[in-house]
Structure formats: C-alpha cells, structure tokens
Amino acid sequence: MTKIYTKTGDQGETCLFNGDRVPKSHLLIEAIGGLDECNSAIGLALSMFPECNLNELSDQLVAVQHLLFEAGACIATPRSKSSERKLAMTRFDENAVGRLETWIDSWTERLPPLHAFILPGGHRCAAALHVARTICRRAERRLVEIDRDLDVDHHVVVFCNRLSDYLFTAARAVNHLTQTPEPLWRSEKCRSEQ
Numbered sequence: 001m002t003k004i005y006t007k008t009g010d011q012g013e014t015c016l017f018n019g020d021r022v023p024k025s026h027l028l029i030e031a032i033g034g035l036d037e038c039n040s041a042i043g044l045a046l047s048m049f050p051e052c053n054l055n056e057l058s059d060q061l062v063a064v065q066h067l068l069f070e071a072g073a074c075i076a077t078p079r080s081k082s083s084e085r086k087l088a089m090t091r092f093d094e095n096a097v098g099r100l101e102t103w104i105d106s107w108t109e110r111l112p113p114l115h116a117f118i119l120p121g122g123h124r125c126a127a128a129l130h131v132a133r134t135i136c137r138r139a140e141r142r143l144v145e146i147d148r149d150l151d152v153d154h155h156v157v158v159f160c161n162r163l164s165d166y167l168f169t170a171a172r173a174v175n176h177l178t179q180t181p182e183p184l185w186r187s188e189k190c191r192s193e194q
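Counting from 1, position 4 in the sequence shown corresponds to residue 4 in the numbering used here; the numbering is continuous, with no gaps.
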C-alpha cells in the first residue's frame, strides 16, 4: 500500500474483496465496521495495561486483534459471490472459537466465582475491555442480521458471540490481577436500604 487515500469511496460506496461495490451504509459494511471498532477498543485497552505481569492476557488480546482482522476479511468476501481463490484467502479459522473457550475456561478457574452481576468498570483497562465487549455484541447483532440475507461464514458469528464472553472474562482478570474491586450491581431496592 503506497497511498492511504484512494478517492474510490468519495461517492459513498466501498469495494468488497471480491470487487463488488456496495454503499458504505450497507449492513455488511456496518458489521465489518463493528469488528474494526472492537479491534480498536482492544488496542485502547492494551495501551492501558498495568505494569503488573499480564503477558498471557496481553498475548491473547493481540491474537484476538489478528482474528478480528481476519473475520473482517472473511465477511468482506461474500461466499456466494466470490471466487474459490478469494474464499481460500479469507477463510476464517475454524479453531478460533475453541481457543477462546480454552482461554475463558483457564481464566475462570483462576477468578473468584461470580455471585452477582458486575458493572463495567474497575481498572481503566478492564473498563476499556467492557467497551470492546459491547462493541463486539453490536457487531454480532449486525452479523446475525445480514446472515439471514447473505451467506456469512457462521464461524465468524459464533466467534463474535464467544469473543464477547472472552472480553468479559478478560476484564474480570484485569481487575483480579490488579486487585481492583469489581463494581457489583445492586438493585434500587438494595441501594435504598443502605
């Protein structure tokens, strides 16, 4: 890539990997944008990582960033309208969901059990991971919506579902490892009784 700007999107359209042009307001572009936003929010969270030893979590989150980029490429290559060569180049890793589940289970074993709902917050890095989680959920909703009309790789939809669970767990891990209390949700009734 020699130039950042191409001017090809100046009329409100963008190009998918298979060459099709679609409006920038297309739900497919909304979904890809959601994956990109989630990736950026994870990058922000990584920039806030505390000085304590969180290398394992950091390495996992960087791996997730790469997977999000690959998920976007996969979605930008509609399966029913793309050549086999392009589909092979952008095929999403079927093992990505299993890796997330392994990481979730590993962290969950090390975290205190949940006895109440938690509010997004605590350490600023944990709060940023909660923002990434909610962005991921929005991207997932877009993917589910377009999956009804377009042939979206279902592995990407499942990946987004599991990724939001992983980001929740990662936020809890940051709070736990930094010894930052998790803000707990209490009903209005419980708050007024104090």
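We put the beta carbon where it would ideally sit given N, CA and C, even for glycine.
Environment of residue i [buried if 16+ CB atoms lie within 10 Å]
i	result
I4	exposed
N175	buried
H66	exposed
G72	buried
E51	exposed
T2	exposed
Minimum Cβ-Cβ distance from residue i to chain D less than 8 Å
i	result
L67	The structure shown contains no chain D; it is built from a single protein chain.
Terminal residues of the beta strand (DSSP E) in which residue i lies
i	result
A21	Checking the sequence shown, residue 21 turns out to be Arg, not Ala. Where R21 is concerned, the enclosing beta strand (DSSP E) stretches over R21 to P23.
Backbone CA spacing between residue i and residue j [nearest angstrom]
i	j	result
I29	R186	38 Å
D153	V22	19 Å
E13	C74	19 Å
S106	D59	14 Å
T6	E182	46 Å
E94	L100	11 Å
E109	N18	43 Å
L54	D165	19 Å
S83	W103	34 Å
F49	F168	16 Å
S47	K81	39 Å
H130	P113	18 Å
Pair within 8 Å by beta-carbon distance, residue i and residue j
i	j	result
R138	G43	no
A63	A128	no
A126	L57	no
I135	E37	yes
L68	R79	no
H123	T180	yes
V144	V158	no
I118	L177	no
R148	A31	no
A45	A132	yes
L111	R172	yes
H26	V97	no
Per DSSP, the bridge partner or partners of residue i
i	result
I75	I75 is not bridged to any residue.
T14	V22
L184	I118
Residue i: first and last residue of the uninterrupted alpha helix (DSSP H) it sits in
i	result
E37	L27 to S47
S106	A96 to R110
V144	R124 to D147
D165	H154 to L177
L87	E84 to M89
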